[in-house]
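Quick note, the sequences are listed as chains U and C, same order.
For any residue, its number in the numbering used here is found by taking its place in the first sequence, counting from 1, and adding 335.
For any residue, its number in the numbering used here is found by taking its place in the second sequence, counting from 1, and adding 130.
Here a beta-carbon is modelled for each residue, glycine too, at the ideal position from N, C-alpha and C.
Here the structure comes first, spelled out in structure tokens, and everything after it is commentary.
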Amino acid sequence: MRRRGLIAGLGALVVGGCSKVADSGAGQAVLGSAERWHKAAQRLITGRDALATEFTRADISPSFRGNGSQTVGTPEYASALAGGFADWQLTVTGLVTHPLSLSLDNIRRLPQRTQITRHDCVEGWSAIGEWTGPQLATILRGAGLQPEARFVVFRCADVLDGAPYYESIDMIDAFHPQTIIAHRLNGEPLPERNGAPLRLRVERQLGYKHAKYLTGIEVVASLDTIGEGRGGYWEDRGYQWYAGA
Amino acid sequence: MKRHAVSTRLWHWLNFACLVILFMSGLNISNAHKRLYWGEWGFEPGQAWLIVPKFPGWTTIPGHYSLADARLWHLAVAWPFALLLLFMWIAILVNGHFRRDLMTRRREWRWSAIRSDVAAHLRFEFDHGDAKFNFLQKLTYGLVLGVLLPGMIVTGLGISPGMEPLMRPVSELVGGRQSMRSLHFIFAWSLFGFLILHVALVLVSHPLRQMRDMITGGPRET
């Protein structure tokens with residue numbers, strides 16, 4: 336019994352020490368800098384354009400879990416869903432030379448990419464699905480980037496715990512060949528829980544980067560003034576902006 | 131007996147500190163999805179081979195459930211852990227510790243030798259003459275340094291989507307990403323098992339002297 340107390344005591348000591356370090360500004364900065372090392376090392380070792388594994392139809396999981404927001408939950412969204420998103424628009428704004436507003440029809444007419452990839456959630460689970468949509472690079476080239484453009488921000492229709500969901504990636508991931516704006520999953524229009532009508536696929540990062548219910552793409556020079564300034568809904572709540580690990 | 135090299139002592143304690151933080155933050159991460167699967171994918175209870183219990187706050191870093199903060203610790207400390215292991219392997223290959231003390235000899239693999247070694251252990255006789263380690267120690271330390279510790283790094287990289295293009299062959303060897311995640315968990319608990327065994331055996335064989343030697347190196351050789 337005494338030994339168990341001792342172990343618990345040691346555990347408490349480590350936990351206490353760690354929370355002190357994590358609470359201090361310098362400690363937070365050191366721990367947080369590891370994210371940049373992971374990004375730099377992963378891109379150096381694997382190459383920026385290395386492809387995530389693409390699977391065959393036989394590998395597709397029997398269903399595809401929906402996580403986070405399972406719906407947008409507004410009357411407007413419900414009627415858009417019922418109407419097959421005929422009036423849904425994806426805007427492309429910010430540091431572009433030609434701002435765009437694309438309907439689903441416009442998006443379906445662009446050159447398409449279909450990829451069977453594995454989705455890895457930060458919680459630990461994985462599912463495999465077949466995604467179809469235009470490459471983000473095609474849309475960004477169509478809109479034309481201004482020289483200061485550094486990040487692509489994804490605006491979403493869903494609100495989680497009172498805050499609008501959003502995400503962002505840098506130009507390296509934005510122009511990755513597997514980064515697509517998906518409108519189909521397993522040959523069907525994107526289901527509601529998986530982000531209908533449009534979601535981002537950025538295959539070499541964790542699931543929370545794959546923003547759902549897309550309404551806008553915004554090209555920016557800095558993430559500082561968006562949301563809490565950390566580049567995404569979960570990033571504002573302490574998660575890594577670079578989610579490759 | 132030969133002194134512990136300063137590189138060995140430094141690595142031993144720094145590695146221990148890293149492992150404690152990695153293990154405890156890992157338990158917090160495990161609480162985020164308490165199921166393990168084999169193969170490439172898995173997300174539902176019916177697909178799991180193991181339902182993992184929830185680990186209480188006093189065993190986790192931080193002491194309350196926070197996947198974000200646990201990942202911050204886990205991914206930061208993974209760096210010194212991996213670099214220190216690389217340093218230790220170079221050190222023991224260069225300073226001869228590996229060849230001299232850890233490498234097993236052919237005669238040690240004879241059945242009669244193993245049997246007498248096990249029997250001696252069961253009688254709590256740990257005297258092993260001139261050699262630094264006996265056969266079972268060499269085997270255990272070899273497993274820890276050669277399989278479990280590097281295995282933690284390989285399986286950790288194997289569940290990182292950013293490393294997927296490079297880790298693909300290893301991932302395929304074990305059946306996929308969820309197999310990698312299961313192995314990460316199994317290796318971590320194997321290391322915990324080693325820690326218990328290691329501490330228990332130190333406690334029954336001159337604990338104070340052993341602790342002192344792993345800190346100061348031990349008495350000077352004459």
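{"query": "For a contact defined as C-beta to C-beta under 8 Å, what are the partners of U:Ile380 on chain C?", "result": "Met293 and Leu296"}
{"query": "Check the Cβ-Cβ distances between U:Gln540 and every residue of chain C, and say whether any is below 8 Å.", "result": "yes"}
{"query": "May I ask you to list the residues that DSSP assigns as paired with U:Thr426?", "result": "U:Ser436 and U:Gly551"}
{"query": "If we ignore side chains and look at the alpha-carbon of each, how far apart do U:Leu366 and C:Ile289 end up?", "result": "20 Å"}
{"query": "Exposed or buried, U:Met336, counting other C-beta atoms within 10 Å across all chains shown (16 or more means buried)?", "result": "Since pLDDT at U:Met336 reaches only 42, below the 50 mark, its modelled position is unreliable, and the value read off the structure follows with that caveat. Answer is exposed; the Cβ neighbour count stays below 16."}
{"query": "Quick one: any contact between the segment 168 to 179 of chain C and the segment 187 to 195 of chain C, if contact means 3 or more CB pairs under 8 Å?", "result": "no"}
{"query": "Could you pull the DSSP bridge partners for C:Met239 from this structure?", "result": "With the sequence shown as reference, residue 239 of chain C is identified as Trp, and Met is not the correct amino acid for it. Paired residue(s): none; C:Trp239 is not in a bridge."}
{"query": "Find out if the Cβ-Cβ distance for the pair U:Gln363, U:Ala357 is shorter than 8 Å.", "result": "yes"}
{"query": "Suppose you measure from the CA of C:Arg350 to the CA of C:His336; what does that come to, to the nearest Å?", "result": "18 Å"}
{"query": "Please return the same chain residues whose Cβ sits closer than 6 Å to the Cβ of U:Arg528, not counting the five positions on each side in sequence.", "result": "Gly401 and Gln405"}
{"query": "C:Lys184: which of C:Ala200, C:Ile159 and C:Gly172 sits nearest, CA to CA?", "result": "C:Ile159"}
{"query": "Is C:Trp241 buried or exposed, if buried means 16 or more other CB atoms sit within 10 Å of its CB?", "result": "exposed"}
{"query": "Residues of chain C with a CB under 7 Å from the CB of U:Thr388: which are they?", "result": "Glu294 and Arg298"}
{"query": "Identify the contact partners of U:Ser359 in chain C, using a Cβ-Cβ distance below 7 Å as the criterion.", "result": "None at all; the shortest Cβ gap to chain C is about 13 Å."}
{"query": "Can you list, in chain order, the residues of its chain with a C-beta nearer than 8 Å to that of C:Leu325? Leave out the 5 residues immediately preceding and following it.", "result": "Leu149"}
{"query": "Pull up the distance between the alpha-carbon of U:Asp422 and that of U:Asp440, whole angstroms please.", "result": "10 Å"}
{"query": "Taking its Cβ as the centre, do 16 or more other Cβ atoms sit within 10 Å of U:Gly562, making it buried, or is it exposed?", "result": "buried"}
{"query": "Run through DSSP, which three-state label would C:Arg350 get?", "result": "coil"}
{"query": "Quick check on the DSSP output: what are the complete beta strand (DSSP E) runs of length 3 or more inside the segment 227 to 313 of chain C, in order along the chain?", "result": "none"}
{"query": "Taking C-alpha atoms, which residue in C:His163, C:Trp239, C:Ser309 and C:Trp203 lies nearest to U:Trp460?", "result": "C:His163"}
{"query": "Which class does C:Ala178 belong to by DSSP, given the choice of helix, strand or coil?", "result": "coil"}
{"query": "Can you find a CB in chain C that lies within less than 8 Å of the CB of U:Ser461?", "result": "yes"}
{"query": "Could you list which residues in chain C have their beta carbon closer than 8 Å to that of U:Ala596, in chain order?", "result": "Given a span of 336 to 580 for chain U in the structure shown, any question on residue 596 of chain U remains unanswerable."}
{"query": "Could you tell me if U:Gln450 is buried or exposed, where buried requires 16 or more neighbouring beta carbons within 10 angstroms of its beta carbon?", "result": "buried"}
{"query": "Taking Cβ-Cβ distances shorter than 7 Å, what residues in chain U pair up with C:Pro192?", "result": "Val350, Cys353, Ser354 and Ala357"}
{"query": "What does the Cβ neighbour count give for U:His433, buried or exposed, with the cut at 16 atoms within 10 Å?", "result": "exposed"}
{"query": "Scan the segment 528 to 562 of chain U for residues whose Cβ lies nearer than 8 Å to a Cβ of chain C and list them as they occur along the chain.", "result": "Glu538, Arg539, Gln540 and Leu541"}
{"query": "Any chance the segment 295 to 314 of chain C sits against the segment 380 to 390 of chain U, with 3 or more Cβ pairs inside 8 Å?", "result": "yes"}
{"query": "Along chain C, which residues have their Cβ under 7 Å away from the Cβ of U:Ala580?", "result": "Leu205, Ser290 and Gly292"}
{"query": "Please list, in chain order, the residues of the segment 220 to 244 of chain C that have any C-beta partner in chain U closer than 8 Å.", "result": "none"}
{"query": "Expressed to the nearest angstrom, what Euclidean distance is found between the alpha-carbon atoms of U:Ile286 and U:Cys353?", "result": "Chain U is shown from 336 up to 580; residue 286 of chain U falls before or after that span and cannot be answered."}
{"query": "Could you give the first and the last residue of the continuous alpha helix (DSSP H) run that contains C:Trp141?", "result": "Val136 to Ser160"}
{"query": "Hey, how far is the Cα of U:Ala580 from the Cα of C:Ile244?", "result": "42 Å"}
{"query": "DSSP beta-bridge partners for U:Lys575?", "result": "Position check: residue 575 of chain U holds Gln in this sequence, whereas Lys was assumed. Paired residue(s): none; U:Gln575 is not in a bridge."}
{"query": "Taking its Cβ as the centre, do 16 or more other Cβ atoms sit within 10 Å of C:Met218, making it buried, or is it exposed?", "result": "buried"}
{"query": "What residues in its chain sit with their C-beta under 6 Å from that of U:Leu535, if we drop five residues either side in the sequence?", "result": "Phe489, His545 and Ala546"}
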